[in-house]
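Asks: Residue numbers (the working numbering), protein chains in the order written: chain A, 1 to 146; chain B, 147 to 292.
All C-beta atoms, glycine included, are put in the ideal place defined by N, C-alpha and C.
I have a structure I would like to understand better, so I am pasting it below and will then ask my questions one at a time.
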DNA sequence: CTTGACTCTCTACTATAGTACAGGGTGTAC
DNA sequence: GTACACCCTGTACTATAGTAGAGAGTCAAG
């Protein structure tokens, strides 16, 4: 393990473009562990995990900025705990909110599949039922910094 | 109910920009139910629900294109059921996948909060633990049509 | 019948997240 | 020692999802 990969290998392993990795590097999201004298980037196993995390979190509706926040959440001698705890709590609420919303979305999808089997037409859009009420407005950090 | 709203009222109700509504109209995502002779757009209650749905689904990582697909899922005389069922099933899988991933993400967040309380430093990023394995590659329709 | 808030269309600009390409260097296989 | 696949930097382009502004019309209150 901890085998070193060139940029193309890492990109292939996760199914992203090489340019994307260089882009993430510029954003300080994903650093190569080492550079060869030639300048070639070398990535370790940690980078592979990190990259997968990024892609997963993105698919869940987190921006790259938020992904960075998630990845920087840790308790250390530098980071004050109260601060970390507050951020983690906020993220957890966001995550739990998303789970609730997805469950709400799954319900009419299942119903729809059932209706199909039963051959009952659903005249209006049944998916709309999923989130009838307003949800908590996203406490997104994008706006705060822009 | 079914009270009519002008574009500004609808925008305010959901907390979006007026321009965004006109943008969604161009994308065929959200149509006003009626136009006054003056050209003013009038929206009904259905539009309010639809708009909330759009914003919610977006926060869950669905693109506007995917949101449209979700909203068009219904069983009717025109839509063949097998087709609808296949699409609904695919979406359901996607939703269940997201739920799983979010649960995985919630776990280390909770642990982190606990660690904080206990005053234990977590030297490496504990969040990374959430998705160690590769997830199903997104069967996204964006690439298929582009 | 005017004032002020609201709306219309159209065009252009922005942010985020990539993606492509030019021009050049690296590394290994033959 | 030269192909060929791969990598480098830098710059420019793209798609998605908005946002802003100009110039003009609408509408209710006074």
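Which whole-angstrom value is the C-beta distance of residue 178 (chain B) and residue 172 (chain B), which I expect to be below 8 Å?
Replies: That pair is no contact at about 12 Å.
Asks: The beta strand (DSSP E) spanning residue 187 (chain B) covers which residue range?
Replies: Unbroken beta strand (DSSP E) run through residue 187 (chain B): 187-189.
Asks: What residues in its chain sit with their C-beta under 6 Å from that of residue 108 (chain A), if we drop five residues either side in the sequence?
Replies: If we look at residue 108 (chain A) and ignore the five residues flanking it on each side, its Cβ neighbours are 126, 127, 129 and 130.
Asks: Can you pull the chain A neighbours of residue 212 (chain B), defined as C-beta to C-beta under 9 Å?
Replies: Here the premise fails: no neighbours, minimum Cβ distance about 11 Å.
Asks: Leaving out the 5 sequence neighbours to the left and right, which residues in its chain are closer than 6 Å to residue 67 (chain A) when beta-carbon positions are compared?
Replies: Taken in chain order, the residues that qualify are 54 and 57.
Asks: Would you tell me roughly how many angstroms separate the C-alpha atoms of residue 28 (chain A) and residue 251 (chain B), rounded to the nearest one?
Replies: Near 21 Å, if we compare the C-alpha coordinates of residue 251 (chain B) and residue 28 (chain A).
Asks: So, with DSSP's three-state summary, where would you put residue 152 (chain B)?
Replies: Note: residue 152 (chain B) maps to strand in three-state DSSP.
Asks: Using a Cβ-Cβ cutoff of less than 8 Å, which residues in the same chain neighbour residue 234 (chain B) once the five nearest sequence positions on both sides are dropped?
Replies: Excluding sequence neighbours, residue 234 (chain B) sits near 219.
Asks: Residue 130 (chain A) CB to nearest chain B CB: under 8 Å?
Replies: It does; some Cβ of chain B falls within 8 Å.
Asks: Contact defined as beta carbons within less than 8 Å: I believe residue 81 (chain A) pairs with residue 265 (chain B). What is the distance between those atoms, to the nearest angstrom?
Replies: Yes, residue 81 (chain A) and residue 265 (chain B) are in contact; Cβ-Cβ is about 7 Å, under 8 Å.
Asks: Smallest Cα separation from residue 258 (chain B): which of A:45, A:92 and A:24?
Replies: Minimum Cα distance to residue 258 (chain B) is reached at A:92.
Asks: Within the continuous alpha helix (DSSP H) that includes residue 232 (chain B), where are the two ends?
Replies: Counting along the chain, the alpha helix (DSSP H) containing residue 232 (chain B) begins and ends at 227-264.
Asks: May I have the straight-line CA-CA distance separating residue 60 (chain A) from residue 190 (chain B), to the nearest angstrom?
Replies: The alpha-carbon atoms of residue 60 (chain A) and residue 190 (chain B) are separated by roughly 30 Å.
Asks: On the criterion of 16 or more Cβ atoms from any shown chain inside 10 Å, does residue 19 (chain A) qualify as buried, or is it exposed?
Replies: That one is exposed.
Asks: Against chain A, with Cβ distances strictly below 8 Å, would residue 237 (chain B) count as a contact?
Replies: Taking Cβ atoms only, chain A reaches closer than 8 Å to residue 237 (chain B), which makes this a yes.
Asks: In whole angstroms, what separates the C-alpha of residue 157 (chain B) from that of residue 193 (chain B)?
Replies: Residue 157 (chain B) and residue 193 (chain B): Cα-Cα distance of roughly 11 Å.
Asks: Write down the C-beta distance between residue 70 (chain A) and residue 62 (chain A) rounded to the nearest angstrom, noting that I regard them as a contact closer than 8 Å.
Replies: The Cβ separation is near 7 Å, so the contact holds.
Asks: Would you please state the rounded distance, in angstroms, between the beta carbons of residue 176 (chain B) and residue 99 (chain A)? I believe it to be under 8 Å.
Replies: About 26 Å separates the two Cβ atoms, so there is no contact after all.
Asks: Residue 197 (chain B): which of B:240, B:256, B:162 and B:185 sits nearest, CA to CA?
Replies: Among B:240, B:256, B:162 and B:185, the Cα nearest to that of residue 197 (chain B) is on B:162.
Asks: Under a three-way DSSP split, which group does residue 180 (chain B) fall into?
Replies: If DSSP states are grouped into helix, strand and coil, residue 180 (chain B) belongs with the strands.
Asks: Can you give me the C-alpha to C-alpha distance between residue 184 (chain B) and residue 229 (chain B), rounded to a whole angstrom?
Replies: Roughly 41 Å between the two C-alpha positions.
Asks: Against residue 4 (chain A), what residues of chain B qualify as contacts under a CB-to-CB distance less than 7 Å, listed in chain order?
Replies: Chain B residues near residue 4 (chain A): none, gap ~19 Å exceeds 7 Å.
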